[in-house]
Structure formats: C-alpha cells, structure tokens
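Asker: Let me give you the structure first, and then I'll get to my questions.
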Amino acid sequence: CQVIPPSTPFFNCNYAKTKKQGVHAGMAEEVTVEFTPTEFRYYYDCIRVHCEGDENLVIPLHAYPVINEAAFPSRVDFGYVELASTKQIEVPLQCNVPIDFEYAITVVRAHPFFTVFPLRGTIPANGRVDVRFTFTPMDYVTADMTVHVKIAQFGFEPIECQLIGSSQPVTRSAKHPGPRDGQVPPLPPPSTLLKRRSKAAQAKSRARKAAAEAKAAERKQEIVNAEGLRFPLDLDSTSAVASVLLQRPGRMRVRDIRAALADRDAAGGKATPNGSSGGGGGGGGALD
247 CQVIPPSTPF FNCNYAKTKK QGVHAGMAEE VTVEFTPTEF RYYYDCIRVH CEGDENLVIP
307 LHAYPVINEA AFPSRVDFGY VELASTKQIE VPLQCNVPID FEYAITVVRA HPFFTVFPLR
367 GTIPANGRVD VRFTFTPMDY VTADMTVHVK IAQFGFEPIE CQLIGSSQPV TRSAKHPGPR
427 DGQVPPLPPP STLLKRRSKA AQAKSRARKA AAEAKAAERK QEIVNAEGLR FPLDLDSTSA
487 VASVLLQRPG RMRVRDIRAA LADRDAAGGK ATPNGSSGGG GGGGGALD
C-alpha cells in the first residue's frame, strides 16, 4: 500500500514507513493527522491509500469551528405563580467564537400553560441571544413541559430542558403584599392568630362560661338531705349516682369541709367539722 498525504497545508499526516512500503495481512499502520487552521472556517481534505490491484481507499478529513460549551440549564423552575398571572424567565445562548451558529428548540412534551420564543434563530458571533420561557397557569395544577435545544454543529448532542411550574390562589394588596414568585407564603405567628379573635367570639365565650356557672349553682341548690345522705334531684347521670353511692351517713365530703373552713375564716369564728359555728357542743362526724 502507498499512503498519499493531504494536499492542503492545513493537514499533515505522519506514519512510520516500512522498508517494503507495504502492510502485511493481519498488521496495521498508524497514521497521525495534524491540523493547523489559520482562520475560523470550514476545512476539507483527504488521505488517499493506493493498494495493489484496483482497490483504492479515500479517507476524508473535515475540520470546522464549534461553539463554546452551551451552558443551557436542564431544568427551569417557575415556582409558585398566581392563577391567571404570567411569569417569564430568559435563558441566554452565548457564542465566544467569531462565527454565527443557528439553533432550534423542539418541543418534546407540550403543555398549554407554557410558551417558548423564539423556537429557532441565530446566535451571533461573539454574542448572545435570549430564549424566553413564559408560564401562565389557568388552573390549580403543577405543569411541566420538555424541550430539546439543538445547535447547527456537527456531532452536537441535543440538550434536554424541563420546564416546571405550579399555581396557587394568592391575593396581593398594597398593604399586605404577597410573597415573591417562587416562594411559599409563610404562616403568621400564633400570637397574631390569637389577636384576631373577634369581640363577638369573646362575648360568646363569656356568656357560655356564665351559663355553666349558673347551672352549677342550680345543681348545688337542688340537693335533698335524707337520713344523713345528700340526694341530687337529677339522678340521670352516672356521676350523680356515684356521688350518692360513695357517701357515708354522718361523714362530710372533703370539699364540704373546705367550704366550712372558708366560711369560718370569712366570719372570723370557729367551725366544727360538721359545719356549725361556736364553742362546745355536740360531736361532729368523722372525716373520710
């Protein structure tokens, strides 16, 4: 075989020449190709390999400038957006070489709440172009859309980008502005929630408490003493029946003793265990 190097000065090939100028069956010859460009443009050349007989081989050589690494995000999160409101996010496509590159954005999985503009265009030499994503939720959902970004460059792998956004009912006003886009509104502190109780609710609570105290006073009066036992007029509850069964004739309850002592302290006198005041006298009942 005979290797004919490229004809242009931009490509150069080096290989170890054998004495017989040939490669035997089962052997290989390594050829190193060097490329030296002088400007940003497309280059083409080829290596020709002549073999014995009619079998010849042409190896094409291509060289071209490429865009710098495309720093395009794989995920664009819009966060929380108020219903029927619009939020826009711009993502730049930059080029650091003095050559224009075309690009195209393909929608893989579409969603009606998302829009992309422009879907195709040209990245200027040593410049940038902004791709605008828009999210306008019209329902209380979490929406997502997937797009592919392609650049007119040989061997370029498309970049997959996912758009995601959620909606929520947020009421904003000048006095109480809402949270920033993409943030969940914080809950007010518990002290603030307690202060928001209306006067009507407080009055209703006081009325309920007064009614309970009045009912307790009526029950206290509705007690019948019989054979040393105290019977309430209403025996429909379990607690009322238990209070009768636990009593012992001639013995006072602890709370009755406390009430008698409180009355004695208030009157400045002395009270016997059965609740009567004065010195000497009959014996009192035993304590539980």
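Heads up: the sequence shown is residues 247 to 534, going by the numbering used here.
Even for Gly, the Cβ is constructed at its ideal location relative to N, Cα and C.
Keep in mind that this is a model prediction, so the values were computed, not measured.
Sort D509, F318, R494 by Cα distance to D376 and report the nearest one.
Answerer: Residue F318 is the option with its Cα nearest to D376.
Asker: Identify whether Q493 lies in helix, strand or coil by the three-state DSSP scheme.
Answerer: It is coil, neither helix nor strand.
Asker: Specify, as a first and last residue, the run of the beta strand (DSSP E) that R504 falls within.
Answerer: Looking at the DSSP string, R504 is not in any beta strand (DSSP E); the run it does join, the alpha helix (DSSP H), is 500-513.
Asker: Can you check DSSP and say which residues form a bridge with Q334?
Answerer: According to DSSP, which records beta bridges pairwise, Q334 is partnered with T380.
Asker: Taking contact to mean 3 or more Cβ pairs, one atom from each stretch, closer than 8 Å, check whether the stretch 393-401 and the stretch 341-353 are in contact.
Answerer: They touch, by the three-pair rule.
Asker: Grouping DSSP H, G and I as helix and E and B as strand, with all else coil, what is V280?
Answerer: Looking at the sequence itself, residue 280 is Glu, so the reference to Val does not match. In this structure, E280 counts as strand in the three-state DSSP scheme.
Asker: Under a three-way DSSP split, which group does R287 fall into?
Answerer: Coil, per DSSP.
Asker: May I ask you to report which of helix, strand or coil DSSP gives S412?
Answerer: Strand.
Asker: If contacts are defined as beta-carbon pairs under 8 Å, then L409 and M391 qualify, I think. What distance do you get, rounded to the angstrom?
Answerer: The pair is a contact, with the Cβ atoms about 5 Å apart (cut-off 8 Å).
Asker: Can you give me the start and stop residues for the beta strand (DSSP E) that D323 sits inside?
Answerer: Looking at the DSSP string, the run of the beta strand (DSSP E) that includes D323 is 321-328.
Asker: Just to confirm my understanding: we take R355, look at its own chain, exclude 5 residues before and 5 after, and list those with CB closer than 8 Å. What are they?
Answerer: Excluding positions up to five away in sequence, the list reads D390, M391, T392.
Asker: Give the C-beta separation of A371 and V343 to the nearest angstrom, bearing in mind that I take them to be a contact with Cβ-Cβ under 8 Å.
Answerer: At roughly 7 Å, the Cβ-Cβ gap stays under 8 Å, so A371 and V343 are in contact.
Asker: Between R374 and the rest of its own chain, which residues show a CB-CB distance below 8 Å, the 5 nearest in sequence each way excluded?
Answerer: Correct list, in chain order: P338, L339, Q340, C341.
Asker: Would you call D291 buried or exposed, if buried means 16 or more other Cβ atoms sit within 10 Å of its Cβ?
Answerer: So D291 ends up on the buried side.
Asker: Mark F281 as exposed unless 16 or more other C-beta atoms lie within 10 angstroms of its C-beta, in which case mark it buried.
Answerer: Flag for F281 reads exposed.
Asker: How would you call M273, buried or exposed, if buried means at least 16 neighbouring beta carbons within 10 angstroms?
Answerer: Its Cβ having fewer than 16 others within 10 Å, M273 is exposed.
Asker: From the DSSP output, read off the bridge partner residues of R452.
Answerer: R452 pairs with nothing; no bridge assigned.
Asker: Quick check: the Cα distance between P251 and R294, rounded to an integer number of angstroms?
Answerer: Distance between the alpha carbons of P251 and R294 is about 7 Å.
Asker: Pull up the distance between the alpha-carbon of Y261 and that of L307, whole angstroms please.
Answerer: If you take the alpha carbons of Y261 and L307, they lie about 16 Å apart.
Asker: Please classify E459: does DSSP put it in a helix, a strand, or coil?
Answerer: Of the three classes helix, strand and coil, the one that applies to E459 here is helix, per DSSP.
Asker: Measuring straight from C-alpha to C-alpha, what distance separates E276 and T254?
Answerer: Whole-angstrom Cα-Cα distance: 21 Å.
Asker: Taking all protein chains shown into account, do 16 or more other C-beta atoms lie within 10 angstroms of the C-beta of M498, making it buried, or fewer, making it exposed?
Answerer: M498 is buried by the Cβ-count criterion.
Asker: Give the single residue among T368, A458, I369, R378 whose Cα lies nearest to the Cα of T361.
Answerer: It is R378 whose Cα lies nearest to the Cα of T361.
Asker: Our contact map puts A486 next to P478 with C-beta atoms below 8 Å; I'd like the distance itself, whole angstroms only.
Answerer: Indeed, because the Cβ distance is near 5 Å, the residues count as touching under 8 Å.
Asker: Applying the 10 Å Cβ sphere with the 16-neighbour rule, what's the burial state of Y386?
Answerer: Y386 comes out exposed.
Asker: Could you tell me how far apart the beta carbons of Q334 and T380 are, in whole angstroms, since I believe they sit closer than 8 Å?
Answerer: About 5 Å separates the two Cβ atoms, so the contact holds.
Asker: Taking the C-alpha atoms as reference points, what is the distance between I405 and H394?
Answerer: The straight-line gap from Cα to Cα measures roughly 5 Å.
Asker: To which residues of the same chain is D323 closer than 6 Å at the C-beta, ignoring the five residues directly before and after it?
Answerer: Excluding positions up to five away in sequence, the list reads I410.
Asker: Cα separation between A258 and I351?
Answerer: Note that residue 258 is Asn in the sequence shown here, rather than Ala. One C-alpha to the other measures close to 38 Å.
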